[in-house]
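The next block holds one structure in the form of structure tokens; read it before the comments.
There are 2 protein chains.
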Amino acid sequence: MKKVNIGLLGLGNVGRGVWNIVEENKDELKKRSGYEINISKILVKDIDKQREVDVPKEILTTDFNKILEDDSIDIVVEVIGGIEPSVDYMIRSMKKKKHVVTANKMAIATKGSTLLRTSREEGVMLFYEGSVGGGIPIINGLNENLVANKIEEVIGIINGTTNYILSKMTREKVSFEEALKEAQEKGYAEADPTSDVEAFDPMYKLCILSSLAFDNVVNISYIHREGITNIKPIDIEYARELGYVIKLLGIAKDVDGELELRVHPTMVPANHPLANVNDSFNAVLIKGNAVGELMLYGRGAGELPTGSAVVGDIVSILRNRDNPLYYSKFEEATIPHKIRDINKVQCEYYIRMTVKDKPGVLGEICSIFGKNNVSMLSVIQKGRREECVSLVFITHNTLEGNIRKSMDKVSLSNDVVKVENVIRIENLGLQ
Amino acid sequence: MKKVNIGLLGLGNVGRGVWNIVEENKDELKKRSGYEINISKILVKDIDKQREVDVPKEILTTDFNKILEDDSIDIVVEVIGGIEPSVDYMIRSMKKKKHVVTANKMAIATKGSTLLRTSREEGVMLFYEGSVGGGIPIINGLNENLVANKIEEVIGIINGTTNYILSKMTREKVSFEEALKEAQEKGYAEADPTSDVEAFDPMYKLCILSSLAFDNVVNISYIHREGITNIKPIDIEYARELGYVIKLLGIAKDVDGELELRVHPTMVPANHPLANVNDSFNAVLIKGNAVGELMLYGRGAGELPTGSAVVGDIVSILRNRDNPLYYSKFEEATIPHKIRDINKVQCEYYIRMTVKDKPGVLGEICSIFGKNNVSMLSVIQKGRREECVSLVFITHNTLEGNIRKSMDKVSLSNDVVKVENVIRIENLGLQ
Ligand SMILES: NC(=O)c1ccc[n+]([C@@H]2O[C@H](COP(=O)([O-])OP(=O)(O)OC[C@H]3O[C@@H](n4cnc5c(N)ncnc54)[C@H](OP(=O)(O)O)[C@@H]3O)[C@@H](O)[C@H]2O)c1
Ligand SMILES: NC(=O)c1ccc[n+]([C@@H]2O[C@H](COP(=O)([O-])OP(=O)(O)OC[C@H]3O[C@@H](n4cnc5c(N)ncnc54)[C@H](OP(=O)(O)O)[C@@H]3O)[C@@H](O)[C@H]2O)c1
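Protein chains in written order, with UniProt numbering: chain A, 1 to 431; chain B, 1 to 431.
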């Protein structure tokens, strides 16, 4: 039996998952890859840290060079996270002809072109299935299975933390703050939750997915991003009454040759499969011109699901090592896509505002909308507090630019206390 | 630009899809595979047939040898169907060092070992993603993405025709016969619907999925099979009242080292994602010891979705042609799995019978169940017709053997007019 040595960079959540899977499924992995997989060195920051995993201490090191200079190590698995030193370590490993597997969405989203160019130049493989959707085979899906398609849309719930929070707010009618606190207690959210709740994490992931789906490097700066911190229980309640559920979606669409790229809270029809993806589950809907609509659903994070993707990538490398496989899509922008301006997005909108409770206010606001070509599907007036009332408008399908112009004008009115929230509605349907 | 010639065997539904995708997505395919894909010869039965596809007549042939002996053809795509002559054509093609792609579940399920052994012996690839779940990447999922997992369960809706019929019966409360008639009119069911409604088609597919999931050749004779012809609107209505939906499921589970393999109508909790897979959509739920639960959902048939899988396989071959990829799982039984006897299956059961409406009948039946260790969760008595009543029992979790023994005894009772239906209930939950 051939043997392969792996250098593991990082022994946190994902590193632990990788270690445990390689131990637990040793026999299957041998049979399926033809190799005995041996994690021979592990890079950590602190050797003496207490760890919830049974790893022989002598294989831990704090010196990356011990792994880099070890010629018996053929594959480096990077599960440290962040840009530095991770990207540097990956590049140096590839220059030493070591294949690389990573689960690092930030590195791939921001340095993907450099990393993948290096891999081709050095004749080694770089796989990153774990970087989006945990154990859901979405990267491979786009690179391999759907290769016969022109992809038209990729729409997904690709952040487990915010989905957990929104699910909890919906089910238990608690505030964002309460739901976040529980997510932190349960280990679903980090102490500093910014990356998740402000939607940076799903922005990186959408960047990767759209680069693969549309055969071109997408820069994160192209992506319109809004987090979920402004979602109130009352918005969720209105959504429910209107037949919707609020989800944080990553949306990438090819609209008339322009790419629409956005991550934001979205109202989704309650009977759509995405509406029923709860807690820390992820799901990605892909529309291709041959396959039609396809949905992949599963655990989007966690040490074992992410480890499943990472170890799957290791096996792919072993199977292809005599003839490295590259997927060029991400490597360089051939003809850069035209990016659709956010003002050109078209959908329905939910707009909630607090206004003074006096005659003529509704008329004034409606006339502002009208002048900006925004027409209304419905208006709900509810909840009186002192001299104010809450107004909710649902628009017909409208250009975002017209909504923004209207909101600028509406905000100037003395009778409008506050525009509380504007949420896009996507009337997704399965064909 | 390199060019590859393809010989297409069959120009029916799937053949048409393959042709159209290769035409329509030519540019993407070039960019992604590095090849210009050229379908240079097509085998059909009748050259003069009117076809809904714009193919130059001069490339059609009725003589397989024209393709076999053409050394410029590197890949043969078999979309004729059935065992003969398809299997023979595939084997002869491989012996001529041509790679093969097929969507033929019957051929893979029954002759998979021979076909895959030949592929390895001849050093050519044989891919068959289109054979299960149309455009859903389930074969590749098991072969590649989930390779790091011990698979515990594969449960799926893998026949579009019966799912269409059951969805229609559920939504419109029509009979099986009416729903079948409409499915035939719409082209979802064939003139002779036996293969679908008697569940042969999903049996072949489950055979393939379980062979891949459990690393061993599963023989179709191991699979317990029941079709949907006996499902009545009243069963669907009872299911609804009890919070279930009836679906035809293929189920493969590893239970204590034994394989449980069955295809039959099943009651699924109404809030489970599988319950909401309607019409001709397919979905497969996979449970792995690393990835947890994963669901793949999409169009399970149709010319373009199936063509998407077939053309995806062509690209995989082009990418790997210098170093052929084999997945050995299916090739030979290493240690044959122990197959779990159907009498050892454990679940809840729905039992509907017509009995004489007289005192003591219920007691008599309950005592038979009791003697056979079947305990009841609930009993519903409804619908009086002349001197008969309809009785519905829902059992606790029970051994199938005990159910069968009870039913044998119950049938002998003079007071029991007929045991109308016995349907297994799977209380699937997402973890
Ligand atoms: N967690 C998930 O569910 C998940 C899912 C998908 C993708 N990912 C990605 O996977 C990667 C790892 O995530 P994680 O959750 O496993 O992170 P983590 O729990 O924070 O673990 C990071 C590991 O890297 C080590 N490390 C950090 N900085 C280092 C340095 N400068 N030199 C050497 N070692 C260093 C740490 O060492 P010590 O142990 O000594 O502190 C620790 O073992 C990230 O890119 C993340 O985005 C995570
Ligand atoms: N239809 C689907 O949605 C679907 C989905 C997944 C998998 N599949 C599988 O794909 C395969 C093809 O299905 P299909 O629906 O495309 O079948 P189909 O519409 O019946 O087409 C069969 C084709 O094969 C040709 N053919 C039949 N017998 C032949 C023979 N002895 N010699 C030469 N040519 C012959 C026919 O020629 P003529 O045109 O001259 O009659 C026809 O073009 C089957 O294995 C099926 O199980 C189908």
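A virtual CB, placed ideally from N, CA and C, is assigned to each residue, including glycine.
Point to revise | 8 Å Cβ cutoff, Asn38 (chain A) in contact with chain B | key: If you number the first sequence from 1, residue 38 (chain A) lands on position 38. Answer no: the Cβ-Cβ gap between Asn38 (chain A) and chain B never drops below 8 Å.
**Study point:** Nearest-angstrom Cβ-Cβ length linking Leu258 (chain B) and Ile339 (chain B), presumed shorter than 8 Å
**Key:** On the second sequence, residue 258 (chain B) is found 258 positions in, with the first residue counted as 1. On the second sequence, residue 339 (chain B) is found 339 positions in, with the first residue counted as 1. Going by the sequence as given, residue 258 (chain B) is Glu instead of Leu. Contact between Glu258 (chain B) and Ile339 (chain B) holds, since their C-beta atoms are separated by about 7 Å, short of 8 Å.
Point to revise | Identity of the residues DSSP links to Val76 (chain B) by a beta bridge | key: The count along the second sequence starts at 1 and reaches residue 76 (chain B) at position 76. According to DSSP, Val76 (chain B) bridges with B:Gly7 and B:Val100.
Exercise for review: Consult DSSP for Arg120 (chain A) and reduce its assignment to one of helix, strand or coil.
Suggested key: Working through the first sequence from its first residue, we reach residue 120 (chain A) at position 120. In the structure shown, Arg120 (chain A) sits in a helix (DSSP, three-state: H, G or I).
Point to revise | Cβ-based neighbour list, Ser93 (chain B), same chain, cut-off 6 Å, excluding 5 preceding and 5 following | key: Counting from one through the second sequence, the residue named residue 93 (chain B) turns up at place 93. Taken in chain order, the residues that qualify are Val76 and Val100.
Point to revise | Where Ser367 (chain B) meets chain A, residues with beta-carbon distance less than 9 Å | key: In the second sequence, the residue the question calls residue 367 (chain B) occupies position 367. The premise fails here: Ser367 (chain B) is roughly 43 Å from chain A at the closest Cβ pair, so nothing lies under 9 Å.
Practice item. Have a look at the DSSP bridge pairing and note the partners of Ala283 (chain A). Key: On the first sequence, position 283 is the one that residue 283 (chain A) refers to. According to DSSP, which records beta bridges pairwise, Ala283 (chain A) is partnered with A:Ile157 and A:Tyr297.
Check your understanding: Between the C-alpha atoms of Val218 (chain B) and Asn323 (chain B), what's the straight-line distance to the nearest angstrom?
Key -> As a first step, residue 218 (chain B) must be located in the second sequence, where it is residue number 218. As a first step, residue 323 (chain B) must be located in the second sequence, where it is residue number 323. Answer to the nearest angstrom: the Cα atoms are 28 Å apart.
Point to revise | Distance between Asn13 (chain B) and Gln431 (chain A) (C-alpha atoms, nearest Å) | key: Stepping through the first sequence from its first residue, residue 431 (chain A) is reached at position 431. Stepping through the second sequence from its first residue, residue 13 (chain B) is reached at position 13. Any reading at Gln431 (chain A) needs caution, since the residue's pLDDT is 47, under 50, leaving its predicted position unreliable; the model's value is listed next. Distance between the alpha carbons of Gln431 (chain A) and Asn13 (chain B) is about 20 Å.
Review point. By Cβ distance below 8 Å, which residues in the same chain neighbour Asn282 (chain B) in space, the five residues on each side in sequence not counted?
Key: Locating residue 282 (chain B) in the second sequence gives position 282, counting from the first residue. Closer than 8 Å at Cβ, skipping near neighbours: Gly133, Gly134, Ile136, Gly156, Ile157, Ile158, Asn159, Gly160, Asn163, Tyr297, Gly298, Arg299, Gly300 and Ala301.
Practice item. Within its chain, find whatever has a CB closer than 6 Å to the CB of Ser378 (chain A); leave out the 5 residues flanking it on each side and keep chain order. Key: Walking along the first sequence from the start, residue 378 (chain A) turns up at place 378. Correct list, in chain order: Ile394.
Review point. How far does the alpha helix (DSSP H) with Glu364 (chain A) in it reach, from first residue to last?
Key: Numbered from its first residue, the first sequence carries residue 364 (chain A) at position 364. Residues Val361 to Lys371.
Practice item. For Thr229 (chain B), collect the residues of the same chain with a Cβ closer than 8 Å to its Cβ; drop the 5 residues on either side in sequence, then sort them by chain order. Key: Here residue 229 (chain B) refers to the residue found at position 229 when the second sequence is read from its first residue. These residues qualify, in order along the chain: Phe176, Val197 and Glu198.
**Study point:** Opposing strand residues paired with Asn421 (chain B) [DSSP bridges]
**Key:** Looking up residue 421 (chain B) in the second sequence gives position 421. Per DSSP, B:Arg352.
Point to revise | Test item: CB-CB of His272 (chain A) and Leu428 (chain A) under 8 Å | key: Here residue 272 (chain A) corresponds to residue number 272 of the first sequence, with the count starting at 1. Here residue 428 (chain A) corresponds to residue number 428 of the first sequence, with the count starting at 1. Closer than 8 Å, so yes.
**Study point:** Reduced DSSP category for Arg51 (chain A) - H, G, I as helix; E, B as strand; rest coil
**Key:** Walking along the first sequence from the start, residue 51 (chain A) turns up at place 51. In this structure, Arg51 (chain A) counts as coil in the three-state DSSP scheme.
**Study point:** CB contact flag (Ala148 (chain B), Ile21 (chain A), <8 Å)
**Key:** As a first step, residue 148 (chain B) is located in the second sequence; it is residue number 148 there, counting from the start. As a first step, residue 21 (chain A) is located in the first sequence; it is residue number 21 there, counting from the start. Cβ distance < 8 Å, so Ala148 (chain B) and Ile21 (chain A) count as in contact.
Exercise for review: On the DSSP bridge assignment, give the partners of Ser210 (chain B) in chain order.
Suggested key: Locating residue 210 (chain B) in the second sequence gives position 210, counting from the first residue. DSSP, once it has assigned bridges, lists no residue as partnering Ser210 (chain B).
Exercise for review: Please find out if some non-hydrogen atom of ligand 3 comes closer than 7 Å to the beta-carbon of Glu303 (chain A).
Suggested key: No copy of ligand 3 appears in this structure; the ligands present are ligand 1 and ligand 2.
Review point. Is DSSP giving Asp254 (chain A) helix, strand or coil here?
Key: As a working mapping, residue 254 (chain A) is identified with position 254 in the first sequence. Correct three-state label for Asp254 (chain A): strand.
Point to revise | Given 8 Å, three or more beta-carbon pairs between the segment 23-43 of chain B and the segment 113-121 of chain B | key: no
Check your understanding: Residues in its own chain within less than 6 Å of Tyr222 (chain B) by CB, not counting five upstream and five downstream?
Key -> Taking the second sequence and counting its residues from 1, one reaches residue 222 (chain B) at position 222. Hits under 6 Å: Leu261 and Ile339.
Point to revise | 3 or more residues per run - each beta strand (DSSP E) lying fully within the segment 224-272 of chain B | key: 244-255 and 258-269
Practice item. Just confirm the distance between the C-beta atoms of Glu420 (chain A) and Met353 (chain A), as a whole number of angstroms; I'd bet it's less than 8 Å. Key: Taking the first sequence and counting its residues from 1, the one referred to as residue 420 (chain A) is at position 420. Taking the first sequence and counting its residues from 1, the one referred to as residue 353 (chain A) is at position 353. Rounded, the Cβ-Cβ distance is 6 Å, consistent with contact.
**Study point:** CB contact below 8 Å: Tyr164 (chain B) versus chain A
**Key:** For the purposes of this step, residue 164 (chain B) is identified with residue 164 of the second sequence, where counting begins at 1. For Tyr164 (chain B), the answer is no, since every Cβ of chain A falls outside 8 Å of its Cβ.
Check your understanding: Within the 8 Å Cβ cut-off, does Leu8 (chain A) reach chain B?
Key -> Start at 1 with the first residue of the first sequence, and residue 8 (chain A) comes out as number 8. Not closer than 8 Å to any Cβ of chain B, the Cβ of Leu8 (chain A) fails to qualify, so no.
Check your understanding: Within this structure, are the beta carbons of residue 473 (chain A) and Ile80 (chain A) separated by less than 8 Å?
Key -> Examination of residue 473 (chain A) is not possible in this model, given that chain A is present from 1 through 431 alone.
Review point. Given that Met295 (chain A) touches chain B, what residues does it touch there, using C-beta distances under 7 Å?
Key: Stepping through the first sequence from its first residue, residue 295 (chain A) is reached at position 295. Within 7 Å Cβ-Cβ: Tyr297 and Gly298.
Check your understanding: Are the C-beta of Ala189 (chain B) and some C-beta of chain A separated by less than 8 Å?
Key -> As a working note, residue 189 (chain B) is residue 189 in the second sequence. Not an interface residue.
Check your understanding: Would DSSP call Met125 (chain A) helix, strand or coil?
Key -> Along the first sequence, read from residue 1 onward, the residue named residue 125 (chain A) stands at position 125. Note: Met125 (chain A) maps to coil in three-state DSSP.
Check your understanding: Pro193 (chain B) to Asn143 (chain A), Cα distance in whole Å?
Key -> The residue labelled residue 193 (chain B) in the question sits at position 193 within the second sequence. The residue labelled residue 143 (chain A) in the question sits at position 143 within the first sequence. For Pro193 (chain B) and Asn143 (chain A), the distance between alpha carbons rounds to 37 Å.
Exercise for review: Please confirm if Gly363 (chain B) has its CB atom under 8 Å from at least one CB of chain A.
Suggested key: To locate residue 363 (chain B), count along the second sequence from 1; it is residue 363. At a cut-off of 8 Å, the C-beta of Gly363 (chain B) has no neighbouring C-beta in chain A.
Exercise for review: Run the CB neighbour count on Lys3 (chain B), radius 10 Å, all protein chains shown included, and call it buried at 16 or more, exposed below.
Suggested key: Taking the second sequence and counting its residues from 1, one reaches residue 3 (chain B) at position 3. It is exposed - the Cβ of Lys3 (chain B) has fewer than 16 other Cβ atoms within 10 Å.
Exercise for review: For Gly288 (chain A), collect the residues of the same chain with a Cβ closer than 6 Å to its Cβ; drop the 5 residues on either side in sequence, then sort them by chain order.
Suggested key: Within the first sequence, the letter at position 288 stands for residue 288 (chain A). The answer, listed in chain order, is Leu146, Asn149 and Ile151.
Review point. Terminal residues of the continuous alpha helix (DSSP H) containing Lys45 (chain B)?
Key: Translated into the one-based positions of the second sequence, residue 45 (chain B) becomes position 45. First-last for Lys45 (chain B): undefined, no H or E at that position.
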